[in-house]
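Encoded as structure tokens, the structure appears first; notes follow it.
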Amino acid sequence: MSETESTRRGILYVVGIGPGAKDHCTPAALAAIADAELVVGYNTYIALVRHLLDGKEIVRSGMTEEIGRARAAVERARDGGKVALISSGDAGVYGMAGLVFEVLRTMNWKRDDSPELRIVPGITAISSCASLLGAPLTHDFCAISLSDLLTPWPVIARRIEAAAYGDFVIGLYNPASGRRTRQIVEAQKIIAGYREGSTPVGLVKSGYRSIQNVVLTDLDHFLEYEIGMLTTVLIGSSNTFCFEGYMVTPRGYTNKYTWDGRVLPGQRPARSLVLEPEPATTEESR
Ligand code: SAH
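Each residue of the sequence shown is one higher than the one before, counting from 3 in my numbering.
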């Protein structure tokens, strides 16, 4: 290796490419991929950005080879290369970003060392899928992955129960795969202990890809539909409602205001919501 090569500080882009469609990949993600000499990613994601990869070196591998992929990307960038490690959605949401830091930690890497890290955000599945369903995330929500490949099931079950008890809208990533079908059934059972059977449930398969499929159903019936590796499941809170085939969780404006913009009796704008307002009789309350 020549002097310049050995001293060149590499760049490692960790890039979320969004749900799939070109238009939902950010200009920053496109620029990162354009700048990279080497692009590393899971086969399906490489296929989604193939049109951007002319003349670049590509390392792709199957789903279970994440550690190898992350190490290959980090090592090439450490040695002076410009590398883009790509994940679907956002690389920091059930993606490769965390693993990159774990690899760097084992290498005793410091912030000023090679490679320079550039983490590029993307539209994560819970957001892209929500947009196809309407507005299910306008109030508190959480994301839970049902994959027990790296997390013990009792831990996942406890989180589902806590989310159900807390009345969060729940986004389930990795709900099922060919071999893994039990978890979503268990999740339904746990959540049904806290919510009505009529609670809206949205299923989005392959959102913003050519085989996109969107279903709006409810807690009692959603298991009757196909749910697989490419599905995100969104389970409403006790306030979520359906309207014209959309799934909507209200932000709460009507707890305080009337439709013609007046403040409800006993409430005050820009102040905490009053739980049991006194019946209003004064000027101020109009
Ligand atoms: N980093 C990704 C998530 C990877 S985990 C992100 O931020 O979106 C993989 C899971 O993400 C899938 O099992 C599915 O639940 C969800 N997912 C990813 N892309 C999706 C899409 N286009 N449509 C629906 N769900 C998707």
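Here a beta-carbon is modelled for each residue, glycine too, at the ideal position from N, C-alpha and C.
Those residues which DSSP pairs with residue i across a bridge
{"i": "I88", "result": "V17, G43"}
{"i": "A290", "result": "Absent from the model: residue 290. The displayed extent of the chain is 3 to 288, so no value can be given."}
{"i": "K58", "result": "Looking at the DSSP assignment, K58 forms no beta bridge with any residue, so it has no partner."}
{"i": "Y259", "result": "V265"}
{"i": "R120", "result": "Y15"}
{"i": "S63", "result": "Y44"}
Nearest residue (CA-CA) to residue i, options the options
{"i": "S240", "options": "P21, R197, V105, H223", "result": "R197"}
{"i": "Y259", "options": "Y248, V250, T251, R273", "result": "R273"}
{"i": "G180", "options": "A31, I19, E104, S149", "result": "S149"}
{"i": "Y44", "options": "E67, E59, G20, T28", "result": "E67"}
{"i": "S200", "options": "Y227, C244, A31, Y175", "result": "C244"}
{"i": "G230", "options": "H26, N176, S212", "result": "N176"}
{"i": "V122", "options": "A137, Q214, L32", "result": "L32"}
{"i": "R52", "options": "D222, R113, Y248, I88", "result": "I88"}
{"i": "R113", "options": "I13, I146, A34", "result": "I13"}
{"i": "G209", "options": "T256, V16, L275, L134", "result": "L134"}
Classification of residue i by the beta-carbon crowding that lies within 10 angstroms, buried from 16 upward
{"i": "R288", "result": "Interpretation of R288 is limited by its pLDDT of 46, a score under 50 that renders its predicted location unreliable; the figure taken from the coordinates is listed afterwards. Answer is exposed; the Cβ neighbour count stays below 16."}
{"i": "L50", "result": "buried"}
{"i": "V95", "result": "buried"}
{"i": "D92", "result": "buried"}
{"i": "T251", "result": "buried"}
{"i": "L152", "result": "exposed"}
{"i": "M249", "result": "buried"}
{"i": "S130", "result": "buried"}
{"i": "E5", "result": "Unreliable placement is indicated for E5, whose pLDDT of 46 sits below 50; the coordinate value is still reported in the next sentence. Exposed, by the Cβ-count rule."}
{"i": "R264", "result": "exposed"}
For residue i, the first and last residue of its enclosing alpha helix (DSSP H)
{"i": "T130", "result": "A quick correction: the sequence has Ser, not Thr, at residue 130. Here the alpha helix (DSSP H) through S130 covers 127-135."}
{"i": "L32", "result": "29-37"}
{"i": "E77", "result": "68-80"}
{"i": "E188", "result": "184-194"}
Terminal residues of the beta strand (DSSP E) in which residue i lies
{"i": "F103", "result": "Segment 99-108 is the alpha helix (DSSP H) holding F103; no beta strand (DSSP E) there."}
{"i": "P202", "result": "202-207"}
{"i": "G173", "result": "171-175"}
{"i": "A145", "result": "143-147"}
{"i": "I213", "result": "That residue, I213, is in no beta strand (DSSP E); it is neither H nor E in DSSP."}
Practice item. Go through the segment 215-254 residue by residue and report every complete run of the beta strand (DSSP E) that reaches 3 residues or more, in order. Key: 215-220, 233-237, 243-245, 248-250
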